[in-house]
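If you're matching positions, the sequence shown starts at 97 in the working numbering and goes up one per residue. Quick reminder that beta carbons are idealized off the backbone N, C-alpha and C, glycines included.
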Amino acid sequence: MLSAPDPGPQGPAVWGAPPSPNGGKPPWPIGPVSGLIAVKPSAPSGKEPPMPRPLRVLVVEDSDLYREVLRAELAMICPDLEIREAETLAASRAVLAGWVPDVAILDARLPDGTGLDLVTEVRARNPGACVLVCTAYGAEEYRERAVGCGADRCVGKDAMGPEPLREIFGMARAEPRI
Numbered sequence: 097m098l099s100a101p102d103p104g105p106q107g108p109a110v111w112g113a114p115p116s117p118n119g120g121k122p123p124w125p126i127g128p129v130s131g132l133i134a135v136k137p138s139a140p141s142g143k144e145p146p147m148p149r150p151l152r153v154l155v156v157e158d159s160d161l162y163r164e165v166l167r168a169e170l171a172m173i174c175p176d177l178e179i180r181e182a183e184t185l186a187a188s189r190a191v192l193a194g195w196v197p198d199v200a201i202l203d204a205r206l207p208d209g210t211g212l213d214l215v216t217e218v219r220a221r222n223p224g225a226c227v228l229v230c231t232a233y234g235a236e237e238y239r240e241r242a243v244g245c246g247a248d249r250c251v252g253k254d255a256m257g258p259e260p261l262r263e264i265f266g267m268a269r270a271e272p273r274i
């Protein structure tokens, strides 16, 4: 069993700290000590800038496998995300009723509608949201429809990968999130 080191004449010892050539005093200023951990004094309240919250990402995809792949890619690109998922248009509307995404990744074809139906709903909840529609359709006219509905980008599922996600996250990070 480990026991705390003897405080000795210099005061309490710090676990793992190398001997100090400064007579036991650290060469840097420290604030109040809580136990054996030095705590940096905080700035007076009201002076600290608010911390931005994590990006909120809505993933609407009916394929379990594709959702899993998206989740893994999202975690690699940006591990600090708040992700909500839905498999249908109805389920995504239920999510949107109580939560506002910064980024929406929408499947073009869902069992009860299309991702295009959601673009305007996402924009109504957050006009600055970044919307990416994923499609298995190769037709350029479908992509034009997605962008015409307000999507920032429409990508074929065969071309989906880190680059379109990074682009959308870059756009989303440019928007303030407090």
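Check                                                                                                        : Outcome
Local Cβ density within 10 Å of D176, reported as buried at 16 or more and exposed below that                : exposed
Anticipated Cβ contact below 8 Å, A182 with V156, distance rounded                                           : 5 Å
Reduced DSSP secondary structure (H/G/I, E/B, other) of V215                                                 : helix
7 Å CB neighbourhood of V251 in its chain, flanking five on each side removed                                : L228, C230 and P260
Neighbourhood of R219 by C-beta, 8 Å cutoff - its chain only, sequence neighbours within 5 removed           : A225, V227 and G246
Cβ-based neighbour list, D208, same chain, cut-off 7 Å, excluding 5 preceding and 5 following                : T184, L185 and A186
V165 (DSSP reduced to helix, strand or coil)                                                                 : helix
V227 (DSSP reduced to helix, strand or coil)                                                                 : strand
V135 classed as buried or exposed, judged by whether at least 16 other C-beta atoms fall within 10 angstroms : Residue placement at V135 is poorly supported in this model, since its pLDDT is 46, which falls under 50; the coordinates still yield a value, given next. V135 should be labelled exposed.
Pairwise C-alpha distance: D198 and L192                                                                     : 11 Å
Local conformation of G246 per DSSP, three classes                                                           : coil
Contact check, S188 vs L202, beta carbons under 9 Å                                                          : yes
Cα-Cα separation between E169 and G211, rounded to whole angstroms                                           : 20 Å
Sequence-distant residues of the same chain with beta carbon closer than 6 Å to V129, five excluded per side : In this prediction, V129 has a pLDDT of 44, which is less than 50 and means its spatial position is unreliable; what the coordinates show is noted afterwards. None.
Beta-carbon gap between A232 and L214 smaller than 9 Å                                                       : no
Option in E237, E240, P148 and E217 with minimal Cα separation from L154                                     : E217
E263 versus D248 - alpha carbon distance                                                                     : 10 Å
Exposure label - R149; buried when at least 16 CB within 10 Å                                                : exposed
Where the beta strand (DSSP E) containing R180 begins and where it ends                                      : L177 to A182
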